[in-house]
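Asker:
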Amino acid sequence: MSRRVAPHAPPVALSIAGSDSGGGAGIQADIKTMEAHDVFATSAITAVTAQNTQGVAGSHVLPIGEIDAQIEAVTSDFDVGAIKTGMLATSEVVGLVAEKLADYDGPTVIDPVMVAATGDRLLEPEAEAAYEALIGQATLVTPNADEARVLTGINPEDAADARDVGEQLVETGAEAALVKGGHLPTEDVKDVLVTGEGATTFEHARVDTEATHGSGCTLASAIAARLARGEALEGAVEGALDFMERAVRYSLDVGQGPGAVHHLAELRDRAEREPTAEDVEEIVDRFVEEGVSALVPEVGMNVVGATPSAESVSETAAVEGRITRTMTGISPNGGVRFGASSHVARFLLSARELDSDLRYAVSCRFDDEVEGALGALDAPVVEAGDGGFGDEVDGETPAAVIERAETGREATLRIVAPDPETLIGRTLAVHDALD
Ligand SMILES: Nc1ncnc2c1ncn2[C@@H]1O[C@H](COP(=O)(O)OP(=O)(O)OP(=O)(O)O)[C@@H](O)[C@H]1O
Ligand SMILES: Cc1ncc(CO)c(N)n1
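Going letter by letter, the sequence shown gives residues 10 to 444 in my numbering.
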């Protein structure tokens, strides 16, 4: 018996860029990022670099006819919803791409790649001037601070300078410019989007890391993918920057140099929702089985599980209506649902700022009796500051945090762990040590 085919027709995007044998940047980053957005990624390779997390060892530019043939092969066949360009290597390639884009009606994102994060050049210096023609074709151009200086002569040191850069690029003919602040010495990262209508600054906390290899390629590809999906420019930029936050914080620790951004972090995280909810159910079942009623607070107990790269309450699973005492033991008042807890979930998210391996938390009753049982824990216990998670103790992540009673609020003990077994073990250890 033959089966009926069930095809999927995703939007298509084209990346015109260089290959990074190290897998973190270039075409490899672009394809992973576009596919993570459910956009079918096609590619035209301009140059093959011998590259890893430590540097670029070599670069071979493909014959111009081969680059032209790849672009032609893709655009003559697919309904290309957006084009993104990256490493173009030479004036000749920049010129070819400018010519090709003149015949293309869809949105274009031009990432004017000049130098790799490791400091190696990816564009011959003579080609810098050729970019003007290409920028004139751009829906969006995405320079970092160094590229902004080369393209406009302005050295952006803050968001006001970045706006000047963007305005000049829009005057050159780009519909919009996103001037990136990843390299600027500001505490928060500020990316400034300038369009014909004005400027918008997107601000987010800087992640303390060197592992940003591929960040520029990934951001430009995420924007192109969203444009291919039909999003408007400002929403596409905002969504892509949210996507970047997770890709940068939960970066890939691969190779011997600084690692790369994690293009698939969000996709992988979504795949972990069901196992995370199942883990919370397993923990709750054990607590019911063991009858830990002596640890249930007046307001009820909650068990929360965060997906591996959870960034918001909606990415944490918890018991709806909490767990309360009954005549015979304890019982959950509802099923496990994402976004069901706010307090314990926010506490777990704050704990994950200190140690992102922490995935599970439970809120327990706290009084002198429980305090007397804390010696049973295998790791330090700390006092909460401002409702948040405490600090490490001698380099060790705490196992629990005490929140003392405040007017109108019951004291609680919150136990945390990287896996369900440890959370169960820690909670039962305290429970069993109660008089
Ligand atoms: N340390 C960081 N913390 C938070 N976000 C970051 C950080 N570094 C980069 N980003 C995000 O990634 C985006 C692109 O990074 P950056 O400005 O470094 O681009 P780039 O220099 O073109 O990248 P590349 O290193 O791939 O050449 C930034 O606009 C910012 O949103
Ligand atoms: C091939 C390639 N394109 C772009 C970058 C920029 O990060 C890189 N390092 N390598």
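Virtual Cβ for every residue (Gly too), placed ideally from N, Cα, C.
Is there at least one non-hydrogen atom of ligand 4 closer than 8 Å to the beta-carbon of Lys189?
Answerer: As presented, the structure is devoid of ligand 4, carrying ligand 1 and ligand 2 as its sole ligands.
Asker: At a cut-off of 8 Å, is Leu105 close to ligand 2 when judged by its beta-carbon and the heavy atoms of the ligand?
Answerer: no
Asker: Within the continuous alpha helix (DSSP H) that includes Ala168, where are the two ends?
Answerer: Ala168 to Thr181
Asker: Please report the residue range of the beta strand (DSSP E) in which Gln60 lies.
Answerer: Phe49 to Gln60
Asker: Given a cut-off of 9 Å, decide if Phe398 and Phe347 are closer than it, judged by their beta-carbon atoms.
Answerer: no
Asker: Is it buried or exposed for Ser302, if we count other Cβ within 10 angstroms and need 16 for buried?
Answerer: buried
Asker: Answer yes or no: the CB of Leu131 versus the heavy atoms of ligand 2, is any distance below 8 Å?
Answerer: yes
Asker: As an exercise, report each continuous beta strand (DSSP E) stretch of at least 3 residues that is fully enclosed by the segment 101-147, in chain order.
Answerer: 117-119
Asker: In terms of residue numbering, what span does the alpha helix (DSSP H) encompassing Ser230 cover?
Answerer: Note, Ser230: alpha helix (DSSP H), Ser224 to Ala237.
Asker: Compare the C-alpha of Gly33 against each of Gly268, His440, Val345 and Val379 and name the closest.
Answerer: Gly268
Asker: Which word fits Ala414, buried or exposed, when buried means at least 16 other C-beta atoms lie within 10 angstroms of its C-beta?
Answerer: exposed
Asker: For His295 versus Ile119, is the C-beta spacing smaller than 9 Å?
Answerer: Correcting the residue type first, residue 295 is Arg in the shown sequence and not His. No, they are not a contact pair.
Asker: Do the CB positions of Val371 and Ala349 come within less than 9 Å of each other?
Answerer: no
Asker: At a threshold of 8 Å, does Met253 count as lining ligand 2 (C-beta to nearest heavy atom)?
Answerer: no
Asker: Please look up how many angstroms separate the CB atoms of Ala186 and Val150, rounded, as I've assumed it's under 8 Å.
Answerer: 5 Å
Asker: Where do the ends of the alpha helix (DSSP H) carrying Pro341 lie?
Answerer: Premise fails: Pro341 lies in the beta strand (DSSP E), Ile339 to Pro341, not in any alpha helix (DSSP H).
Asker: Note down the Cα distance separating Ala154 from Ala171, rounded to an integer number of angstroms.
Answerer: So the alpha carbons of these two residues sit roughly 8 Å apart.
Asker: For Arg235, is the classification buried or exposed, using 16 other Cβ atoms within 10 angstroms of its Cβ as the cut-off for buried?
Answerer: buried
Asker: Among the residues of its own chain, which have a CB less than 6 Å from the CB of Thr148, if the five just before and after it don't count?
Answerer: If we look at Thr148 and ignore the five residues flanking it on each side, its Cβ neighbours are Pro116, Thr117 and Glu184.
Asker: With 16 other CB atoms within 10 Å as the buried threshold, where does Asp400 fall?
Answerer: exposed
Asker: Is it buried or exposed for Pro284, if we count other Cβ within 10 angstroms and need 16 for buried?
Answerer: exposed
Asker: Mind checking who Lys8 pairs with in its DSSP beta bridge?
Answerer: The requested residue 8 is not part of the displayed model; the chain covers only 10 to 444.
Asker: Could you tell me the boundaries of the alpha helix (DSSP H) in which Lys41 lies?
Answerer: Gly35 to Ala45
Asker: What residue from Ala220, Val48 and Leu143 has the CA that sits closest to Thr127's CA?
Answerer: Ala220
Asker: Glu412 lies in the alpha helix (DSSP H); which residues open and close that run?
Answerer: Careful: Glu412 lies outside any alpha helix (DSSP H), inside the beta strand (DSSP E) at Ala409 to Glu412.
Asker: Look up Gly314 in the DSSP assignment and give the residues it is bridged to.
Answerer: Ala326 and Tyr369
Asker: Between the Cα of Thr94 and those of Ala78, His46, Gly27 and Glu75, spot the shortest distance and give me the residue it belongs to.
Answerer: Gly27
Asker: With distances taken Cα to Cα, identify the nearest neighbour of Thr209 among Gly191, Val216, Arg215 and Asp200.
Answerer: Asp200
Asker: In the DSSP output, what is Ser85 paired with across the bridge?
Answerer: DSSP output for Ser85 lists no bridge partner at all.
Asker: Could you tell me the distance, in whole angstroms, from the CA atom of Arg423 to the CA atom of Ala214?
Answerer: 26 Å
Asker: From the DSSP output, read off the bridge partner residues of Asp29.
Answerer: Thr58
Asker: Within 10 angstroms of its Cβ, does Arg255 collect 16 or more other Cβ (buried), or is it exposed?
Answerer: buried
Asker: What separation, rounded to the nearest whole angstrom, lies between the Cα atoms of Val425 and Val270?
Answerer: 27 Å
Asker: Going by DSSP, name the residue or residues bridged to Glu298.
Answerer: DSSP lists no partner for Glu298.
Asker: Where does the unbroken beta strand (DSSP E) through Leu422 begin, and where does it stop?
Answerer: According to the DSSP assignment, Leu422 belongs to the beta strand (DSSP E) that extends over Thr421 to Ala426.
Asker: Name the two residues that bound the continuous alpha helix (DSSP H) containing Ser68.
Answerer: Per DSSP, Ser68 is not a residue of any alpha helix (DSSP H); the beta strand (DSSP E) it occupies stretches across Val65 to Val70.
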